[in-house]
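For reference, the structure is listed below as C-alpha cells.
Residue numbers (this note's numbering), protein chains in the order written: chain A, 1 to 278; chain B, 1001 to 1264.
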C-alpha cells in the first residue's frame, strides 16, 4: 500500500498539469462551441464544398506524401539495415540531421530551389530545357516535396529498426530453397517488416495531416490544408466557430487513425507525432 | 560484408534519398554567402553582409532568439521535473492501469498542435489578461511533455530496480539512492527526452503563431514574418546559424548518450 501511495504521489504533478492545462481546456472549449452554436459549425463543414475540398486536399497530400515516403524510404532503410556499420552511422547522421533542423528552415531551402527565379529553374533554363520558368513553388507539388523531405526520416527510422531485426539468414534460407529475390521480398522480408511499415505510415500520415509550416510556406496563400485553415479562420475571417469545427474534426481524424491501428494491430503507436512541427 | 545481397536498386534509391535530404541544407549554406539578393548558382562572389544583417535588421531576430530560448529552457526544465516523476511512477511500481496512465501522460502527442493552440487562444480570450510569455509557455510545456516521459520510460523500462535495494542495504538513504543511483542510470533517456523537447519548443510554429502577442514573438515566427516581407539571404544566414547550432547539439548528444537513443 505504501508503494502505491508513492506511485500516486509521483504521478500527481504531471497528471494535474495535464488535467488543468490540456484535458480541461480541450473539453471545455468543445462543450462551449456546442452550447453556443449547436452542431451548426460542424454541419457547415460537412455541407460546404469549400471545406470538403480542403479536407480532401489534406487527405490527398498526406496520402501521396506517405506513399512516396514508403516507396523511397523502404529501399533506403533496407540498404541501411544490411550495410556495414561505418556507412550506416554516416547515413543515420544524414537522416537525423535534417530531423533536427526546423521546418521553417527546411521550407526556406525549398523556396530557394523551387521558386520562379529559383535554382532549379535557373538550372533548367541554363540547359535550354525550358524557356519559361516552371511554376512549382506555391503549388501542391511543392508542398508534397517539402512534406516528404520533412517526414521521410521518420519513415526510414521506423523501418530500419524492424528490418535490422530480420535475420539475414532467413533471406539466405529463402534463396537456398530456390526463391528469386522478388519472391524473397514479397514472401519473406515484406511480411516480416509490416509492423515497421504500419508505424512508419501512421506516423507520416498523421504528421502531414496536421502539418502547418510546410503548406503555409510552400503552398502559398491560395493553398489550404486543415491546419493552415484553422489559423486563417481565426486571423483572416474571424470565424471562430469554423476554426473550432476544423480543429476538432482534425483531432477526430487523428484519433480515428489511432483507433483503427489499435483495432487492427492491437498495439498503440509508440510515436504518434500528432502535433510534431511539420 | 552482407553488402553483396543488397541489390543496386536499393543502393541507388538510398543515395538519391540522401542527396534529396541534404540538398536544401547545402543550398541554404551556399546561399548565405552570396553577395546578391537573388540566390544564383554558382554564386557570384562571397559576402558576409547577410550575417551582419541578422543583427541590424529591423526584424529583431536576436530578441526572438532570446524569447525562444527562454520559453524552450523553462518549458524543458519544468517538463524534466514533471516527466521524470511521471515516468518513475509508471516504471517503479506495478499496478493496474499503468498503460492507461502512460497514454495519459503522452496524450498531447495525439492532438494536432494547431487544434490545441486554438483551444488555448479561446480560453485566454475568456480569461483575459494572460501575459504573452505565459500564453506560449503553457502551450509549449504541455505539447513537449510526452517527449520527456517517453524517453525516460524507455530507459527505466529496462532498469534494474534491485540496484536501488542494493544501495539501500548498503546504508544509502532514499535521497542518496535517488540522486546517486536512479538519476545517473536514467540520464541518457532524460537527456535525449530533454533535447527533443527543447528542440520541439524552439522550432514550434503553430502554437506560437496563434498565441504570440506583439511584444512576445519567438524566433521561428520572426523568421516567418520576415519571409513574408523580404525574401533575401538574411534568411539563409540565420538558417545556417541554426543548423550549426543543431550540428553542435547532435555531436554533443552523440558524445553524451549515443545516437541510438533517438532511433527508438
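Don't be surprised by glycine CBs; every beta carbon is placed ideally from N, CA and C.
Expected contact under 8 Å - CB spacing of residue 1064 of chain B and residue 1255 of chain B to nearest Å:
As a first step, residue 1064 of chain B is located in the second chain; it is residue number 64 there, counting from the start. As a first step, residue 1255 of chain B is located in the second chain; it is residue number 255 there, counting from the start. With 8 Å as the limit, residue 1064 of chain B and residue 1255 of chain B do not qualify as a contact, their Cβ atoms being about 29 Å apart.
With DSSP run on the structure shown, which of helix, strand or coil describes residue 1213 of chain B?
Translated into the one-based positions of the second chain, residue 1213 of chain B becomes position 213. Strand at residue 1213 of chain B.
Note down, in chain order, each residue of its chain lying with its Cβ closer than 7 Å to the Cβ of residue 1177 of chain B, except the 5 sequence neighbours on either side.
The residue you call residue 1177 of chain B lines up with position 177 of the second chain. Excluding five sequence positions before and after residue 1177 of chain B, the CB atoms of its chain that fall closer than 7 Å to its own CB belong to 1164, 1167, 1168, given in chain order.
Closest by CA to residue 1074 of chain B, which one among B:1215, B:1202, B:1212?
Residue mapping note: residue 1074 of chain B aligns to position 74 of the second chain, counting from 1. Of all alpha-carbon atoms in B:1215, B:1202, B:1212, the one lying nearest the alpha-carbon of residue 1074 of chain B is that of B:1202.
Would you mind telling me which residues of chain A sit closer than 9 Å to residue 1142 of chain B, beta carbon to beta carbon, in chain order?
The residue labelled residue 1142 of chain B in the question sits at position 142 within the second chain. Residues of chain A passing the Cβ test: 17, 18, 21, 22.
Between the alpha carbons of residue 1142 of chain B and residue 133 of chain A, how many angstroms are there, rounded?
Sequence index remark: in the second chain, residue 1142 of chain B carries index 142 (1-based). Sequence index remark: in the first chain, residue 133 of chain A carries index 133 (1-based). Their Cα atoms are separated by approximately 45 Å.
Thinking just about the alpha-carbon of each residue, which of A:33, A:14, A:188 is nearest to the one in residue 167 of chain A?
Residue mapping note: residue 167 of chain A aligns to position 167 of the first chain, counting from 1. Checking every option, the nearest Cα to that of residue 167 of chain A belongs to A:188.
Looking at the ligand PLP, does it come within less than 8 Å of residue 170 of chain A, judged from the CB to the closest heavy atom?
With respect to the ligand PLP, the structure shown offers nothing to examine, as it has no ligands at all.
Run through the stretch 1154–1232 of chain B for me and flag every whole alpha helix (DSSP H) of 4 or more residues, listed as ranges in chain order.
Counting whole runs of 4 or more residues, the stretch 1154–1232 of chain B contains the alpha helix (DSSP H) stretches 1162–1169, 1174–1177, 1183–1203, 1206–1211, 1219–1229.
If you follow the alpha helix (DSSP H) that residue 1073 of chain B is part of, which residue opens it and which one closes it?
As a first step, residue 1073 of chain B must be located in the second chain, where it is residue number 73. Element bounds for residue 1073 of chain B: 1061–1092.
Report yes if the CB atom of residue 1113 of chain B is closer than 9 Å to the CB atom of residue 1139 of chain B, and no otherwise.
Residue 1113 of chain B sits at position 113 when you count from the first residue of the second chain. Residue 1139 of chain B sits at position 139 when you count from the first residue of the second chain. In this structure, residue 1113 of chain B lies near residue 1139 of chain B, with their beta-carbon atoms less than 9 Å apart.
Taking the straight line between their C-alpha atoms, what separation do you get for residue 1258 of chain B and residue 1068 of chain B?
In the second chain, the residue the question calls residue 1258 of chain B occupies position 258. In the second chain, the residue the question calls residue 1068 of chain B occupies position 68. Using only the alpha carbons, I get a separation of about 26 Å.
My guess is that residue 104 of chain A and residue 213 of chain A are in contact by the Cβ rule of under 8 Å, so how many angstroms apart are they, rounded?
For the purposes of this step, residue 104 of chain A is taken as residue 104 along the first chain, with counting starting at 1. For the purposes of this step, residue 213 of chain A is taken as residue 213 along the first chain, with counting starting at 1. 6 Å between Cβ atoms; contact.
Along the stretch 101–116 of chain A, what residues have a CB closer than 9 Å to any CB found in chain B?
101, 102, 103, 104, 105, 106, 107, 108, 109, 110, 111, 112, 113, 115
Looking at residue 1196 of chain B and residue 1225 of chain B, is the spacing between their C-beta atoms short of 9 Å?
Numbered from 1 along the second chain, position 225 holds the residue referred to as residue 1225 of chain B. Numbered from 1 along the second chain, position 196 holds the residue referred to as residue 1196 of chain B. Taking 9 Å as the Cβ cut-off, residue 1225 of chain B and residue 1196 of chain B do not qualify as a contacting pair.
Taking residue 1148 of chain B as the reference, which of B:1240, B:1109, B:1232 has the closest Cα?
Position 148 of the second chain, counted from the first residue, corresponds to residue 1148 of chain B. Considering only alpha carbons, the answer is B:1109.
I'd like to know whether the C-beta of residue 13 of chain A is nearer than 9 Å to at least one C-beta of chain B.
Translated into the one-based positions of the first chain, residue 13 of chain A becomes position 13. Judged by the 9 Å Cβ criterion, residue 13 of chain A is in contact with chain B.
Exposed or buried, which one is residue 1042 of chain B when buried takes at least 16 other CB atoms within 10 Å?
Your numbering for residue 1042 of chain B matches position 42 in the second chain. Exposed, because fewer than 16 other Cβ atoms sit within 10 Å of the Cβ of residue 1042 of chain B.
Could you say if the stretch 1127–1139 of chain B and the stretch 1205–1215 of chain B meet the contact criterion of at least three C-beta pairs nearer than 8 Å?
These segments touch.
Between which two residues does the alpha helix (DSSP H) holding residue 137 of chain A run?
Counting from 1 along the first chain, the entry for residue 137 of chain A is found at position 137. Per DSSP, residue 137 of chain A belongs to no alpha helix (DSSP H) and is neither H nor E.
For a cutoff of 9 Å on Cβ pairs, would you count residue 247 of chain A as touching chain B?
Translated into the one-based positions of the first chain, residue 247 of chain A becomes position 247. Yes - at least one Cβ of chain B is within 9 Å of the one on residue 247 of chain A.
Would you kindly report the start and end of the unbroken alpha helix (DSSP H) that includes residue 241 of chain A?
For the purposes of this step, residue 241 of chain A is taken as the residue at position 241 of the first chain. Note, residue 241 of chain A: alpha helix (DSSP H), 240–265.
Using a beta-carbon distance below 9 Å, is residue 3 of chain A in contact with chain B?
In the first chain, counting from the first residue as 1, residue 3 of chain A sits at position 3. Output row for residue 3 of chain A: interface = yes.
Tell me where the alpha helix (DSSP H) around residue 1121 of chain B begins and ends.
What you label residue 1121 of chain B is simply residue 121 of the second chain in a count that begins at 1. Segment 1113–1127, the alpha helix (DSSP H) holding residue 1121 of chain B.
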